[in-house]
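Number of protein chains: 2
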Amino acid sequence: MRVSAKADYAVRAAAELAAADEGPIKGERLAEAQDIPLQFLEHILLDMKHAGIVRARRGAKGGYWLAKPADAITIADVVRAVEGPIAHVQSSPPELIEYRGNAEHLQEVWIAVRANLRAVLEHVTLADLVSGELPSEIEQLAASPDAWAPR
Amino acid sequence: MRVSAKADYAVRAAAELAAADEGPIKGERLAEAQDIPLQFLEHILLDMKHAGIVRARRGAKGGYWLAKPADAITIADVVRAVEGPIAHVQSSPPELIEYRGNAEHLQEVWIAVRANLRAVLEHVTLADLVSGELPSEIEQLAASPDAWAPR
DNA sequence: GCGCTTCTGACCAAAGTGGTCAAGAAAGTC
DNA sequence: GACTTTCTTGACCACTTTGGTCAGAAGCGC
Numbered sequence: 239m240r241v242s243a244k245a246d247y248a249v250r251a252a253a254e255l256a257a258a259d260e261g262p263i264k265g266e267r268l269a270e271a272q273d274i275p276l277q278f279l280e281h282i283l284l285d286m287k288h289a290g291i292v293r294a295r296r297g298a299k300g301g302y303w304l305a306k307p308a309d310a311i312t313i314a315d316v317v318r319a320v321e322g323p324i325a326h327v328q329s330s331p332p333e334l335i336e337y338r339g340n341a342e343h344l345q346e347v348w349i350a351v352r353a354n355l356r357a358v359l360e361h362v363t364l365a366d367l368v369s370g371e372l373p374s375e376i377e378q379l380a381a382s383p384d385a386w387a388p389r
Numbered sequence: 239m240r241v242s243a244k245a246d247y248a249v250r251a252a253a254e255l256a257a258a259d260e261g262p263i264k265g266e267r268l269a270e271a272q273d274i275p276l277q278f279l280e281h282i283l284l285d286m287k288h289a290g291i292v293r294a295r296r297g298a299k300g301g302y303w304l305a306k307p308a309d310a311i312t313i314a315d316v317v318r319a320v321e322g323p324i325a326h327v328q329s330s331p332p333e334l335i336e337y338r339g340n341a342e343h344l345q346e347v348w349i350a351v352r353a354n355l356r357a358v359l360e361h362v363t364l365a366d367l368v369s370g371e372l373p374s375e376i377e378q379l380a381a382s383p384d385a386w387a388p389r
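Chains A and B are the protein sequences, given in the same order. Position 67, counted from 1, in the first sequence is what the working numbering calls 305; the numbers after and before it change by one each time, with no gaps. Position 84, counted from 1, in the second sequence is what the working numbering calls 322; the numbers after and before it change by one each time, with no gaps.
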């Protein structure tokens, strides 16, 4: 249940792209802005390109830009592009798992987990992220002191 | 963002223990009931023992039982016992990460993700799980057809 | 002491993580 | 057309994690 470096980097790079208004941004500039190893980042950007989140052009004046408006791309889109499906259990989606005996209702629990994960990741867009104005339900979640407590 | 086989197995074994009313249950019986490789399961049970969730006795008439009442153990307890902290980003807790530039508000997003994960995992107990009567908020999450849709 | 069951550590193959390196292919500049 | 710039792709690499298995030690009940 952890967020990989790849996913974290991907979202940060995407945020930089969302904030840039003019033309293509070079990978190098993104890497510097977010302190990400350049070569690793280029692989990540390629994944995002294949997922249709980002577009790119080579050569002088080349670089990367978002394929869609920043308010049409959610964090879930970015995470899925580099990490694959968001809440798999034992590498299969929770709705396909069959539990036996006393664990029968575990499926509903994993479904609820995924639903709550989606409730955050699919509702924050890159535009929200760079503006700092998260949807109010998410802001409420993050506002609770309890949410900041380690455990 | 996936649930490992270990965590899944751990919760299922714990559910069996929660359902058993009498004496210690043998590892073998748990393994059969939930179709888990025995030797692997014993390692998992050991982890749970170290975490104080389970107790054990060796020898004939030995086996495992819950260290606390089933309604005092949450799924989060079990998952943490075998997987460690629940929503780390790049192996550190979200409240300690510092983001720069346009990714500054990403921290709040990860905090919200963790909060929503906790909202499920820390509120479903083993007793809820075996009885099938999940807390109403969680039941509502799992009831939405949307939550069952792949994506 | 004997049988049973947990406990523990060693080991293993395969996959994932977090990168680096080097060659290629397009795009722009002169 | 030559040259530079920048993305594209695949190979490689060290290390850790995952999902196990094996074998032996140690405790418990009789």
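Where a beta carbon is used, it is the ideal one built from N, C-alpha and C, also for glycine. This one's a predicted model, so the numbers in the text were calculated from it and none came from an experiment.
Best match in A:Arg389, A:Ala248, A:Pro383 and A:Ala258 for proximity to Pro307 (chain A) [C-alpha to C-alpha]:
Among A:Arg389, A:Ala248, A:Pro383 and A:Ala258, the Cα nearest to that of Pro307 (chain A) is on A:Ala258.
Please state if the CB of Asp309 (chain A) and the CB of Thr363 (chain A) are separated by a distance shorter than 8 Å.
When the beta-carbon positions are compared, Thr363 (chain A) and Asp309 (chain A) come within less than 8 Å of each other.
Check the Cβ-Cβ distances between Met286 (chain B) and every residue of chain A, and say whether any is below 8 Å.
Chain A places no beta carbon closer than 8 Å to that of Met286 (chain B), leaving this residue out of the contacts.
Residue range of the beta strand (DSSP E) that includes Val241 (chain B)
Note, Val241 (chain B): premise wrong, no beta strand (DSSP E); not H, not E.
Any contact between the stretch 330-350 of chain B and the stretch 243-262 of chain A? By contact I mean 3 or more CB pairs, one from each, below 8 Å.
Touching, yes, given that three or more Cβ pairs across the two stretches are closer than 8 Å.
Classify Ile282 (chain A) as helix, strand or coil using the three-state DSSP reduction.
DSSP, read as helix, strand or coil, puts Ile282 (chain A) in helix.
Using 8 Å as the cut-off, can you tell me whether the stretch 354-372 of chain B makes contact with the stretch 312-329 of chain B, which would need three or more C-beta pairs spanning the two stretches below that distance?
Yes: at least three Cβ pairs fall under 8 Å.
Figure out for me which residue from A:Leu304, A:Gly265, A:Gln378 and A:Ala256 has the closest Cα to the Cα of Val347 (chain B).
Residue A:Gln378 is the option with its Cα nearest to Val347 (chain B).
Endpoints, beta strand (DSSP E) assigned at Arg293 (chain A)
Note, Arg293 (chain A): beta strand (DSSP E), Val292 to Arg295.
Pair every Cβ in the stretch 265-275 of chain B with every Cβ in the stretch 365-383 of chain A, then say whether three or more of these pairs are closer than 8 Å.
Verdict: no, contact absent.
Alpha helix (DSSP H) runs wholly inside the stretch 340-377 of chain B, at least 4 long, in chain order
Counting whole runs of 4 or more residues, the stretch 340-377 of chain B contains the alpha helix (DSSP H) stretches 344-359 and 364-369.
Any chain A beta carbon closer than 8 Å to Leu307 (chain B)
Sequence inspection shows Pro at residue 307 (chain B); the Leu mentioned does not correspond to that position. So no, Pro307 (chain B) is outside the interface.
Taking the Cβ atom as the reference point for each residue, do Pro327 (chain B) and Val368 (chain A) lie within a distance shorter than 8 Å?
In the sequence as presented, Pro is not what sits at residue 327 (chain B); that position holds Val. With a cutoff of 8 Å on beta-carbon distance, Val327 (chain B) and Val368 (chain A) are scored as not near each other.
For Ala319 (chain A) and Leu304 (chain B), the rounded distance between their alpha carbons:
Rounded to the nearest angstrom, the gap between the Cα atoms of Leu304 (chain B) and Ala319 (chain A) is 41 Å.
Checking 8 Å against the spacing of the C-beta atoms, do Ile282 (chain A) and Trp386 (chain B) come in under that value?
Against a cut-off of 8 Å, the Cβ pair of Trp386 (chain B) and Ile282 (chain A) comes out as no contact.
Tell me the DSSP bridge mates of Gly301 (chain A)?
Paired residue(s): A:Arg295.
Name the DSSP beta bridge partners of Ser220 (chain B), please?
Any question about residue 220 (chain B) goes unanswered here, given that chain B covers just 239 to 389.
According to the neighbour-count rule (16 or more other Cβ atoms, all chains shown, within 10 Å of its Cβ), is Ala298 (chain A) buried or exposed?
Its Cβ having fewer than 16 others within 10 Å, Ala298 (chain A) is exposed.
Which term fits Glu254 (chain B), buried or exposed, when burial requires 16 or more other beta carbons within 10 angstroms of its beta carbon?
So Glu254 (chain B) ends up on the buried side.
Local conformation of Ile263 (chain A) per DSSP, three classes
Annotated three-state conformation of Ile263 (chain A) is strand, per DSSP.
Flag His281 (chain B) as yes if its beta-carbon sits less than 8 Å from any beta-carbon of chain A, otherwise no.
Cβ-Cβ to chain A under 8 Å: no for His281 (chain B).
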